[in-house]
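As structure tokens, the structure follows; a few thoughts come after it.
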Amino acid sequence: MAVANKQTEHRYKGIPASQGIAIGKAVVLRTEAFVFSAEHIEPERIPEEIARFQEALKTGAAELQQIIDIAEKEASHVAPILETYLLILTDETVSDSIRRRIQQRFYSAENAVMQEFDAQKQFFTLAKDPVLRERAVELDHVKDRLLNGLRNHSVSHSIAENAILIAPSITPTDLMMYNQEGTLGFVTEVGGIASHVSILSRSLSIPAVIGVRDIAHLILSDDMLIIDGNAGLIICNPKPETLAKYQKRKKEEEENIRKLGKLATAKSETHDGHTIHLLANIDSLEDVDAAQVAGAGGIGLIRSEYLIIKRQHFPSEEEQLEWYNEIAERMYPHQVTIRAFDVGSDKYAEGLPHEDNPALGVRGIRFLLHRKDIFKMQIKAVLRASKHRNVRLMLPMVSSIDELLEAKEFIEKCKTSLRKADIHFDERMPIGMMIETPATALMANDFAAIVDFFSIGTNDLTQYTLAADRTNEYVADIFDPFHPAVLRLMKMTIDAAIARNIPVGICGEMAGHSAATELLIGLGVNELSVTPPLLLELKKRIRKTDYGKSQTIASLALCANSGSDVRKVISKEKRK
Ligand code: PEP
Ligand code: MG
């Protein structure tokens, strides 16, 4: 990649760490290498070096505590990240060992700190697991803080006021300080989506792109920059038309956020403090943006078959991986639920054998077990995307234990082949299932013992329970998710999940139905997943719900004998 020159627009791609658009001048920081003499000190300097170390430790801890106090006010859930730094910094074993290095090996304080932290770091650097590797970065940050203290060197965070910061890496503590000083956004060379800076930048809503190799050498201070934190894009010295386009987008985004008000960041909990995880159903990357803007707490359903529908062919493992990775990265640390291809029935029948009654035919898991070549590509892509630990896999249209066991065995085989190829993935990636056939709801106790989560697909559960085609307008009045038969199957499912302590959510349309919120909460679900445009309306209703009252509604609804009775119960109880 060439260094950008003032005349030409250059684009660089990185990992989208925190959404939003920032436009401004670049401030480039390059790390100075710490160069210390490796020579040993004279024994009489030992007390002085120990005192210097103690002083740096004390100042470092006080500074960190100050930043933690700021974090507690501005981004309270971030404070624990910074507390980890403080714990490392004040760890007795580490500081004892540093003091011993000074006393027994005649190292200067700087050398002793470097040697100790580098020794500690070795174990983590070699780890295959990105989360453990991230611990190595934490150690480096704490080490640099101590070394800066020893050199009486402190960074002036105001240099990046109203500018975009470009740096090889940035510590969460510095990020907090830059944010205080009004930095518009930042780009780093290193860092993964799981890193604490990514999490922190998201909490502080600062647009950020990370992992852009050599960027601190490709961009010059004062270059005009656009960073697009949604796409992970950096545009250096944009053409006037690009600039105008992004200025417009930025304005639209700000307008959007203003309109949504505080609700997007408000907690998803009932009036009396009962948490309901509010998730989004998505079919595309645009939906991810919408889900993020509305403050979704994760993705409860990715209808992955839309990848096939859009392309009109089954995508390769690599094509899928790119898509899943992008969603997992954009949503991190929130969980994303990838549903295996649910083809057949009314969704993508191209190349599938003709069936007279496709809704009762080869769809979902039935198709996947029949076409293991296709299933294998998908499982491997999902497993590979699981490396960040926020991915779970969900199986559609299950109707028997045998199907589920066969699928799980096949997933194990795919894991073995990835291990052999030395490809990293989340060994404990949760595997869940849709509850959308009456058979699985009736046997929910048995299924709950072998899966990690349930998600109730009320669209299909209603269609199969009431024998009413969901696409047929002539039976639209029969197709009623409020029918007590459907509710009782849901209740069996929820009770089985609670007994086994596994999450249970609803991702069918009923989750977003304006009359259903209290009823569903009262039935005991802990996740509701809806299309992004419904997220905020639903959150508003969740926040108005009284948990105790919702349980009364649910128990009355379960005793009702028709869908219209259930509706009456709901409106009567609401009026009380
Ligand atoms: C459902 O059946 O409720 C569901 C969420 O799956 P789909 O609508 O994709 O069949
Ligand atoms: Mg379904």
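So the sequence shown is residues 29 to 604, counted in our numbering. Just so it is clear, CB atoms sit at the ideal spot from N, CA and C, and this is done for glycine as well. Given the structure is predicted, the values throughout are model-derived calculations rather than measurements.
Next item on the list: Would you give the residue range spanned by the beta strand (DSSP E) that residue 252 belongs to?
Entry: 252 to 256
Note to self: Let's see if you can read the secondary structure: which residues bound the beta strand (DSSP E) around residue 557?
What the structure shows: 555 to 558
Check: Is the Cβ-Cβ distance between residue 308 and residue 493 less than 9 angstroms?
Finding: no
Margin query: Applying the 10 Å Cβ sphere with the 16-neighbour rule, what's the burial state of residue 570?
Written below: buried
Notebook entry, point to check: For residue 330, which three-state DSSP category applies?
Noted result: strand
Notebook entry, point to check: Is residue 510 closer than 9 angstroms to residue 498 when the C-beta atoms are compared?
Noted result: no
Notebook entry, point to check: What does a CB cutoff of less than 8 angstroms around residue 131 pick up in its chain, not counting 5 residues either side in sequence?
Noted result: 74, 78
Checklist line | CA-to-CA distance, residue 292 to residue 324, given in whole angstroms | finding: 8 angstroms
Notebook entry, point to check: Under three-state DSSP, which class holds residue 131?
Noted result: helix
Note to self: Using the three-state DSSP reduction, which class does residue 154 fall into: helix, strand or coil?
What the structure shows: coil
Notebook entry, point to check: Once you ignore the five residues that flank residue 423 on each side, which residues in its own chain have a CB closer than 6 angstroms to its CB?
Noted result: 368, 393, 435, 461
Next item on the list: Could you pull the start and end residues of the beta strand (DSSP E) that residue 236 belongs to?
Entry: 236 to 238
Next item on the list: Could you have a look at residue 486 and say whether DSSP puts it in helix, strand or coil?
Entry: helix
Margin query: Quick check on the DSSP output: the beta strand (DSSP E) that includes residue 307 runs from which residue to which?
Written below: 305 to 310
Next item on the list: For the beta strand (DSSP E) holding residue 349, just list the boundary residues, first then last.
Entry: Unbroken run through residue 349 is the alpha helix (DSSP H), 345 to 359; no beta strand (DSSP E).
Checklist line | DSSP-derived helix/strand/coil call for residue 271 | finding: helix
Note to self: Taking the straight line between their C-alpha atoms, what separation do you get for residue 444 and residue 412?
What the structure shows: 13 angstroms
Checklist line | Neighbourhood of the ligand MG [Cβ distance below 5 angstroms to any heavy atom], ordered by chain position | finding: 464, 485, 488
Checklist line | For residue 532 and residue 481, believed in contact at Cβ under 8 angstroms, the rounded distance | finding: 7 angstroms
Next item on the list: Keeping to the same chain, check which residues put their C-beta closer than 7 angstroms to that of residue 376; ignore five residues upstream and five downstream.
Entry: 333, 336, 337
Note to self: With H, G and I counted as helix, E and B as strand and the rest as coil, what does DSSP make of residue 535?
What the structure shows: coil
Notebook entry, point to check: If we ignore side chains and look at the alpha-carbon of each, how far apart do residue 44 and residue 353 end up?
Noted result: 11 angstroms
Checklist line | Reference residue 514; option with closest CA among 501, 484, 543, 500 | finding: 484
Next item on the list: Consult DSSP for residue 290 and reduce its assignment to one of helix, strand or coil.
Entry: helix
Notebook entry, point to check: When the Cα of residue 41 is compared with those of 262, 504, 383, 399, which residue comes out closest?
Noted result: 262
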